[in-house]
Amino acid sequence: MAELGLIARVRRKPRSLTRQGKRPAAPDLVRRKFTAVAPDVLWCGDVTQIDTDEGKLYLATVEDLFSRRLLGYAMSEHHDAALTCASLQMAAATRGGDVNGVIFHSDRGSEYTAARHQDLCRRLGVVQSMGRVGCWTTQPPKPSTAPSRSSTSTATASAPGPRPA
Numbered sequence: 001m002a003e004l005g006l007i008a009r010v011r012r013k014p015r016s017l018t019r020q021g022k023r024p025a026a027p028d029l030v031r032r033k034f035t036a037v038a039p040d041v042l043w044c045g046d047v048t049q050i051d052t053d054e055g056k057l058y059l060a061t062v063e064d065l066f067s068r069r070l071l072g073y074a075m076s077e078h079h080d081a082a083l084t085c086a087s088l089q090m091a092a093a094t095r096g097g098d099v100n101g102v103i104f105h106s107d108r109g110s111e112y113t114a115a116r117h118q119d120l121c122r123r124l125g126v127v128q129s130m131g132r133v134g135c136w137t138t139q140p141p142k143p144s145t146a147p148s149r150s151s152t153s154t155a156t157a158s159a160p161g162p163r164p165a
């Protein structure tokens with residue numbers, strides 16, 4: 001490499017997008033139990049950074065934790081409350097607009113503690129819940145019993161998809 005004038009590029013450790021908001025966070029109503037008993041009881045949202053050739057793109061999503069269905073999403077060049085509000089509005093529209101009483105869980109990032117996002121939640125009747133981290137960082141629950149040796153090869157190929165909500 002030295003003979004060719006090549007030098008290695010040091011990869012930086014990725015930073016988290018979550019920046020603690022200045023406003024007080026909502027209580028954690030979920031307590032890391034990301035399962036719901038019915039549709040439109042518990043939703044989860046998060047923001048992801050996508051690096052593209054033209055720069056950074058941010059994707060905000062809202063998922064129903066009963067069906068694991070993606071209800072709303074929004075993309076923007078800016079990581080702000082407008083992005084999360086757009087994804088929550090799409091989720092509410094997907095469910096017909098009546099989402100009163102739905103618990104919406106997110107991390108404590110500034111885009112979720114912003115007045116604009118909190119006002120939208122109040123207008124929609126959505127109850128906010130905020131944990132230390134978003135729901136995307138959890139591992140799926142492990143099965144209580146190990147599959148038999150004969151069913152191991154078919155277990156991954158025939159795994160059921162998300163339930164319709």
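Numbering of the sequence shown is given in full-length UniProt numbering, commencing with residue 1 and proceeding in unit increments. All C-beta atoms, glycine included, are put in the ideal place defined by N, C-alpha and C. All values reported here derive from a predicted model rather than from experimental measurement.
Shown here for R116: same chain residues with a beta carbon closer than 8 Å to its own, the five before and five after excluded, namely A81, A82 and C85 in chain order. When only Cα atoms are considered, V37 and M1 end up about 58 Å apart. With fewer than 16 other CB atoms across the displayed protein chains lying within 10 angstroms of its CB, A8 is exposed.
Between the C-alpha atoms of D64 and V47 there is a straight-line separation of about 15 Å.
Residue state for E54 is assigned as coil, using DSSP reduced to three classes.
Here the C-alpha atom of A92 lies approximately 13 Å from the C-alpha atom of V41. Collapsing the DSSP output to three states places E63 in a strand. Setting aside the 5 residues that flank it on each side, V62 is surrounded in the same chain by W43, C44, G45, L70, L71, G72, Y73, S87, L88, M90, A91 and F104, each with a C-beta closer than 8 Å to its C-beta; the list follows chain order.
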